[in-house]
Every structure is written in structure tokens, then in C-alpha cells.
Amino acid sequence: MGRLRRVEGQVRGLQRMVDEDTYCIDVLTQISAATKALQAVAVGLLEDHLRHCVVQAAADGNPDAKIKEATAAIARLVRS
0 MGRLRRVEGQ VRGLQRMVDE DTYCIDVLTQ ISAATKALQA VAVGLLEDHL RHCVVQAAAD
60 GNPDAKIKEA TAAIARLVRS
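Residues in the sequence shown are numbered consecutively from 0, following numbering that gives the first Met the number 0.
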């Protein structure tokens, strides 16, 4: 939750920067920081998914669907 709040604060800061006509390069730098922070949230969620949902599906003897789902999520993260 803390990471998401930090991203929210960064995005609100970006809105202020745009409203105040801040130098474009400075805005782009902050966009990059917010993007990286959001990616860190995504990686954390994916790790939790692997540790809990995929492991549980494997323990239940039916991991294929969860592995396919996780693989698709990883592919989306890599493309972004």
C-alpha cells in the first residue's frame, strides 16, 4: 500500500508540475520515476501471486492454468 501511495503522490505532483508549466524535461524525469515506482508495485504483486496462488495451484496438482496466467502477466510487464 505504501508504494501505491507514493505513486499517487508522484502523479499528483506531476499534475501540479504541468499546471505550473514546469520545464518539460523536469516533468519527463518525474514521469520516469513514477513509471519505475509503478513497475516496482507490479513486480511485487507478481511475486506475491507466484508465492501464493501458483504455489497453491501446484500443491493442489493443477498448476498449468496459474503458470499460464503468470507467464502472460510477466510478458505484459516485459513489454511495458
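For glycine and all other residues, C-beta sits at the position ideal for the given N, C-alpha and C. Quantities reported herein were computed from a predicted structural model and do not represent experimental measurements.
Residues of the same chain with a CB within less than 6 Å of the CB of P62, apart from the 5 flanking positions on each side, are A56 in chain order.
The distance from the Cβ of L45 to that of L13 is about 25 Å, inconsistent with a contact at the 8 Å cut-off. For R11, the enclosing alpha helix (DSSP H) stretches over residues G1 to D18. Here the C-alpha atom of V6 lies approximately 38 Å from the C-alpha atom of G60.
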